[in-house]
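Asker:
Protein chains: 2
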Amino acid sequence: MSARHEEIAEALRQAIDGGVYAVGALLPSESELAARYGVARGTVRQAVAALTAEGRVGSRQGARRVVLGNHRSQSFAELRSFAQWAQSMGRTATGRVIEQFRRPADDEDVLRLQLEPGAEVLQVLRVRGLDGERVLVERNVYPAWVADTVERLPRDCKSVVQALYDEVGLVFAYGEHVIDAVAAGTRDAELLGMRRGAPLLRIRRVTTTHAGRPIEWSDDRYRPGSVTFAIHNSIGSNPLSRRAATDDPPREL
Amino acid sequence: MSARHEEIAEALRQAIDGGVYAVGALLPSESELAARYGVARGTVRQAVAALTAEGRVGSRQGARRVVLGNHRSQSFAELRSFAQWAQSMGRTATGRVIEQFRRPADDEDVLRLQLEPGAEVLQVLRVRGLDGERVLVERNVYPAWVADTVERLPRDCKSVVQALYDEVGLVFAYGEHVIDAVAAGTRDAELLGMRRGAPLLRIRRVTTTHAGRPIEWSDDRYRPGSVTFAIHNSIGSNPLSRRAATDDPPREL
DNA sequence: GAGTGGTCTAGACCACCTG
DNA sequence: AGGTGGTCTAGACCACTCT
Numbered sequence: 001m002s003a004r005h006e007e008i009a010e011a012l013r014q015a016i017d018g019g020v021y022a023v024g025a026l027l028p029s030e031s032e033l034a035a036r037y038g039v040a041r042g043t044v045r046q047a048v049a050a051l052t053a054e055g056r057v058g059s060r061q062g063a064r065r066v067v068l069g070n071h072r073s074q075s076f077a078e079l080r081s082f083a084q085w086a087q088s089m090g091r092t093a094t095g096r097v098i099e100q101f102r103r104p105a106d107d108e109d110v111l112r113l114q115l116e117p118g119a120e121v122l123q124v125l126r127v128r129g130l131d132g133e134r135v136l137v138e139r140n141v142y143p144a145w146v147a148d149t150v151e152r153l154p155r156d157c158k159s160v161v162q163a164l165y166d167e168v169g170l171v172f173a174y175g176e177h178v179i180d181a182v183a184a185g186t187r188d189a190e191l192l193g194m195r196r197g198a199p200l201l202r203i204r205r206v207t208t209t210h211a212g213r214p215i216e217w218s219d220d221r222y223r224p225g226s227v228t229f230a231i232h233n234s235i236g237s238n239p240l241s242r243r244a245a246t247d248d249p250p251r252e253l
Numbered sequence: 001m002s003a004r005h006e007e008i009a010e011a012l013r014q015a016i017d018g019g020v021y022a023v024g025a026l027l028p029s030e031s032e033l034a035a036r037y038g039v040a041r042g043t044v045r046q047a048v049a050a051l052t053a054e055g056r057v058g059s060r061q062g063a064r065r066v067v068l069g070n071h072r073s074q075s076f077a078e079l080r081s082f083a084q085w086a087q088s089m090g091r092t093a094t095g096r097v098i099e100q101f102r103r104p105a106d107d108e109d110v111l112r113l114q115l116e117p118g119a120e121v122l123q124v125l126r127v128r129g130l131d132g133e134r135v136l137v138e139r140n141v142y143p144a145w146v147a148d149t150v151e152r153l154p155r156d157c158k159s160v161v162q163a164l165y166d167e168v169g170l171v172f173a174y175g176e177h178v179i180d181a182v183a184a185g186t187r188d189a190e191l192l193g194m195r196r197g198a199p200l201l202r203i204r205r206v207t208t209t210h211a212g213r214p215i216e217w218s219d220d221r222y223r224p225g226s227v228t229f230a231i232h233n234s235i236g237s238n239p240l241s242r243r244a245a246t247d248d249p250p251r252e253l
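Those protein sequence lines, which keep their order, are chains A and B.
Per full-length UniProt numbering, residue 1 is the first one in the first sequence, and the count goes up by one each step.
Per full-length UniProt numbering, residue 1 is the first one in the second sequence, and the count goes up by one each step.
(1) Do you know how far the Cα of V67 of chain B is from the Cα of A77 of chain B?
(2) Cutting at 6 angstroms between CB atoms, please list the residues of its own chain near S81 of chain B, excluding the five before and the five after it.
(3) DSSP three-state call for T208 of chain B: helix, strand or coil?
(4) Which two residues bound the contiguous beta strand (DSSP E) that contains G90 of chain B?
(5) Tell me, to the nearest whole angstrom, how far the beta carbon of A163 of chain A is from that of L153 of chain A; I am working on the premise that it is less than 8 angstroms.
(6) Using the Cβ count rule (16 or more neighbours within 10 Å means buried), how would you classify T92 of chain B?
(7) Could you name the residues of the same chain whose beta carbon sits closer than 8 angstroms to that of F101 of chain B, not counting the 5 residues immediately before and after it, in chain order?
(8) For H5 of chain B, which residues from the same chain have a beta carbon less than 7 angstroms from its beta carbon, with the 5 sequence-adjacent residues on both sides left out?
(9) Can you pull out the residues from the stretch 210 to 234 of chain B whose beta carbon lies closer than 8 angstroms to at least one beta carbon of chain A?
(10) List the endpoints of the continuous beta strand (DSSP E) containing H177 of chain B.
(11) Any beta-carbon of chain B closer than 7 angstroms to the one on R60 of chain A?
(12) Does any residue of chain B bring its CB to less than 7 angstroms from the CB of E54 of chain A?
(13) So which residues of chain B does residue 261 of chain A contact, with C-beta pairs closer than 7 angstroms?
(14) Looking at the C-beta of L68 of chain A, does it have a partner C-beta in chain B at a distance below 7 angstroms?
(15) Measuring CA to CA, which of A:L113, A:L27, A:P214 is closest to V171 of chain A?
(16) Measure from the alpha carbon of V168 of chain B to the alpha carbon of each residue in B:H177, B:T149, B:A184, B:A183, then state which is nearest.
(17) Are any of the Cβ atoms in chain B nearer than 7 angstroms to that of E30 of chain A?
(18) Can you find a C-beta in chain B that's less than 7 angstroms from the C-beta of E10 of chain A?
(19) I'd like to know whether the C-beta of H177 of chain B is nearer than 7 angstroms to at least one C-beta of chain A.
(20) Just mark D131 of chain B as buried or exposed, buried being the case when its beta carbon has 16 or more other beta carbons within 10 Å.
(21) Run through DSSP, which three-state label would Y142 of chain B get?
(22) Along the beta strand (DSSP E) that carries L125 of chain A, what are the first and last residues, could you check?
(23) Please confirm if the stretch 205 to 222 of chain A is in contact with the stretch 56 to 67 of chain B, defined as three or more CB-CB distances below 8 angstroms between the two stretches.
(24) Once the 5 residues before and after A34 of chain B are set aside, which same chain residues still bring their CB inside 8 angstroms of it?
(25) Please state the DSSP three-state secondary structure of Y222 of chain A.
(26) Which residues bound the alpha helix (DSSP H) around R4 of chain A?
(27) Taking the C-alpha atoms as reference points, what is the distance between E99 of chain A and E54 of chain A?
(28) Of the choices B:S2, B:L200, B:I231, B:R205, whose alpha-carbon is the least far from that of R223 of chain B?
(29) Looking at C-alpha atoms only, which residue of B:G185, B:V178, B:S218, B:Q14 is the closest neighbour of F229 of chain B?
(30) Please list, in chain order, the chain B residues whose beta carbon lies closer than 8 angstroms to that of V23 of chain A.
(31) Measure the Cβ-Cβ separation of R126 of chain B and E108 of chain B and say whether it is below 7 angstroms.
(32) In chain order, what residues of the same chain lie with their CB nearer than 7 angstroms to the CB of Y165 of chain A, ignoring the 5 residues before and after it?
(33) Consider the Cβ of Y37 of chain A: report whether some Cβ of chain B lies at a distance smaller than 7 angstroms.
(34) Mind reading off the beta-carbon distance from R128 of chain B to G193 of chain B? Whole number of angstroms is fine, and I expect it under 8 angstroms.
(35) Looking at the unbroken beta strand (DSSP E) that takes in G169 of chain B, where does it start and where does it end?
(36) Just to confirm my understanding: we take L115 of chain B, look at its own chain, exclude 5 residues before and 5 after, and list those with CB closer than 7 angstroms. What are they?
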């Protein structure tokens, strides 16, 4: 938060949330903001670009920026682990390992984790909860080079992401998430206390290091109603994409 | 595509897709790209910022940019309507109005569309398909000020968004989407040819004009397997929460 | 036509990563 | 220590919107 443009962005966020600029109202022009904060116009542009990306203001050439909303929505804007996300919402995350074993990589593992055929992977099945309520079933697959460290973690480890950072300095830097819906399998139903076949929100994710090396892939199945995901979207640009059905058939683990 | 930074971004995209820069490889430095394309560094930064937002490259201070992937997923960023998105993928979208009627706004309508209590809305139930296959059930609610125009559209109108633009110059500029999973109701099941209770991916959306005025809200229920949604994600500027600066510096593998 | 945001330049300094 | 990306400046011109 030391960068000047971030300070300005935060000041504008608070002004919007505080009602100084109502929803539907116009923001001051870039030049005026530049004068007000004593910075160059480019710095103001960096600040308002952040608000635009968050969906708080809209922007079009030739017209003043418009305040679109003052929601403090928690989206995928930043890569957060479940535990970290929960914490930032002021809630308590729990986690428990149900099952954990090594096995040879199958075709899907080889593809997603960029492994050599025949490599070994570590599969972990976890149930995670929020404030004591069971919320999701998580199936992770780790390549061999992180398996040892993961296996050494306590089985009720609250945040695997945090633990791997603390233990070996491993950073979960980038993620790609694919979202769809799936019926609860027998195992899912049992673990979440729902009936078999109930709808679950599924997020399949590959996480990589800064260098783009895959650290894990995961199949997370959320009980609906406990967590929702929001995306803001403009005619300009934002990081959600829609794709036609691909070559990944659902499978039961 | 006339802006120089967009041309450069597109050139880099093609270089990545064409294998000039493999996944995991490093991009040339900003200075080198600036020299190569004969532009200032700021222009190169605009170009690579686009690639970063698309999840194609990763970026961190002090290190060269890394190629993360070469996906060719159509960006949903441009807030395309279903029909426009389908067309850009070379597929054929169909749509059919099942039911269309006016009714008084309920509490949900008033909230989402920012209406006065007692206002009238137009509700439309549509089924949409891709290449002849039924893919989603769409329930739209329009405020009175667009209802007339929507009612006049043909019942098999392929793209309502396009039609409203052509007819009255109305631009669907911003959207907020909330994603969850839901069980198919009797009506959903019937219309999509599935069994009742089957899992559907639900996206509830409010779309607004440039000025932030709501144009519609919609409850779209997708049959799983036909369309998936993807999000790219990076840790951004916020380093993975804190730890003591004295001991074990982060390592990268 | 006046005002606004979008693009672009040509510098500068700093924070950070890597050898 | 040298290179790289992140921040910032102070201009300029253009495309667009608004009235």
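Glycine included, C-beta positions come from ideal geometry on N, C-alpha and C.
Answerer: In this structure, then:
(1) Counting from 1 along the second sequence, the entry for residue 77 of chain B is found at position 77. Counting from 1 along the second sequence, the entry for residue 67 of chain B is found at position 67. Confidence at A77 of chain B is low in this model, with a pLDDT of 49, below 50, so the placement of that residue should be treated as unreliable; the coordinate-derived value is given next. Approximately 21 angstroms between the Cα atoms of the pair.
(2) Numbered from its first residue, the second sequence carries residue 81 of chain B at position 81. Once the five neighbours on either side are set aside, the close Cβ partners of S81 of chain B are S159, V161.
(3) Position 208 of the second sequence, counted from the start, is the residue given in the question as residue 208 of chain B. Strand, per DSSP.
(4) For the purposes of this step, residue 90 of chain B is taken as the residue at position 90 of the second sequence. Element bounds for G90 of chain B: n/a, residue is neither H nor E.
(5) One-based indexing of the first sequence puts residue 163 of chain A at position 163. One-based indexing of the first sequence puts residue 153 of chain A at position 153. Confirmed, Cβ separation roughly 5 angstroms.
(6) As a position in the second sequence, residue 92 of chain B is number 92, starting the count at 1. Burial call: exposed.
(7) Within the second sequence, numbered from 1, the residue matching residue 101 of chain B stands at position 101. Excluding positions up to five away in sequence, the list reads L122, Q123.
(8) Taking the second sequence and counting its residues from 1, one reaches residue 5 of chain B at position 5. For H5 of chain B, where only same-chain residues beyond five positions count, the Cβ hits under 7 angstroms are T43, Q46, A47.
(9) H210, A211, G212, R213, Y222, P224, G225, S226, V227, T228, F229, A230, I231, H232, N233, S234
(10) By 1-based counting over the second sequence, the position of residue 177 of chain B is 177. Counting along the chain, the beta strand (DSSP E) containing H177 of chain B begins and ends at 174 to 183.
(11) In the first sequence, counting from the first residue as 1, residue 60 of chain A sits at position 60. Yes, R60 of chain A lies at the interface with chain B (some Cβ there is under 7 angstroms from its Cβ).
(12) Position 54 of the first sequence, counted from the start, is the residue given in the question as residue 54 of chain A. Output row for E54 of chain A: interface = no.
(13) The structure shown does not extend to residue 261 of chain A, since chain A is modelled only from 1 to 253, so the question has no answer here.
(14) One-based indexing of the first sequence puts residue 68 of chain A at position 68. Judged by the 7 angstroms Cβ criterion, L68 of chain A is in contact with chain B.
(15) Translated into the one-based positions of the first sequence, residue 171 of chain A becomes position 171. Checking every option, the nearest Cα to that of V171 of chain A belongs to A:P214.
(16) Residue mapping note: residue 168 of chain B aligns to position 168 of the second sequence, counting from 1. Closest by alpha carbon: B:T149.
(17) Counting from 1 along the first sequence, the entry for residue 30 of chain A is found at position 30. Cβ-Cβ to chain B under 7 angstroms: no for E30 of chain A.
(18) Locating residue 10 of chain A in the first sequence gives position 10, counting from the first residue. Not an interface residue.
(19) Numbered from 1 along the second sequence, position 177 holds the residue referred to as residue 177 of chain B. At least one chain A Cβ lies under 7 angstroms of H177 of chain B.
(20) Counted from its first residue, the second sequence places residue 131 of chain B at position 131. D131 of chain B is exposed by the Cβ-count criterion.
(21) The count along the second sequence starts at 1 and reaches residue 142 of chain B at position 142. In this structure, Y142 of chain B counts as strand in the three-state DSSP scheme.
(22) Your numbering for residue 125 of chain A matches position 125 in the first sequence. First-last of the beta strand (DSSP E) with L125 of chain A: 120 to 130.
(23) Yes, the stretch 205 to 222 of chain A touches the stretch 56 to 67 of chain B.
(24) For the purposes of this step, residue 34 of chain B is identified with residue 34 of the second sequence, where counting begins at 1. Excluding sequence neighbours, A34 of chain B sits near A40, R41, T43, V44.
(25) Taking the first residue of the first sequence as 1, we reach residue 222 of chain A at position 222. Note: Y222 of chain A maps to strand in three-state DSSP.
(26) Position 4 of the first sequence, counted from the start, is the residue given in the question as residue 4 of chain A. Counting along the chain, the unbroken alpha helix (DSSP H) around R4 of chain A starts and ends at 4 to 17.
(27) For this step, residue 99 of chain A is matched to residue 99 along the first sequence. For this step, residue 54 of chain A is matched to residue 54 along the first sequence. When rounded, the distance between both Cα atoms is 38 angstroms.
(28) Sequence index remark: in the second sequence, residue 223 of chain B carries index 223 (1-based). Closest option to R223 of chain B, Cα to Cα, is B:L200.
(29) Position 229 of the second sequence holds residue 229 of chain B. Ranking the options by Cα distance to F229 of chain B, first place goes to B:V178.
(30) By 1-based counting over the first sequence, the position of residue 23 of chain A is 23. In chain order: G212.
(31) On the second sequence, residue 126 of chain B is found 126 positions in, with the first residue counted as 1. On the second sequence, residue 108 of chain B is found 108 positions in, with the first residue counted as 1. The answer is no: Cβ separation not under 7 angstroms.
(32) For this step, residue 165 of chain A is matched to residue 165 along the first sequence. V171, listed in sequence order.
(33) What you label residue 37 of chain A is simply residue 37 of the first sequence in a count that begins at 1. Not closer than 7 angstroms to any Cβ of chain B, the Cβ of Y37 of chain A fails to qualify, so no.
(34) Taking the second sequence and counting its residues from 1, the one referred to as residue 128 of chain B is at position 128. Taking the second sequence and counting its residues from 1, the one referred to as residue 193 of chain B is at position 193. Not a contact, Cβ separation roughly 14 angstroms.
(35) The residue you call residue 169 of chain B lines up with position 169 of the second sequence. Counting along the chain, G169 of chain B sits inside no beta strand (DSSP E), nor does DSSP assign it H or E at all.
(36) Walking along the second sequence from the start, residue 115 of chain B turns up at place 115. Correct list, in chain order: A105, D109, P143.
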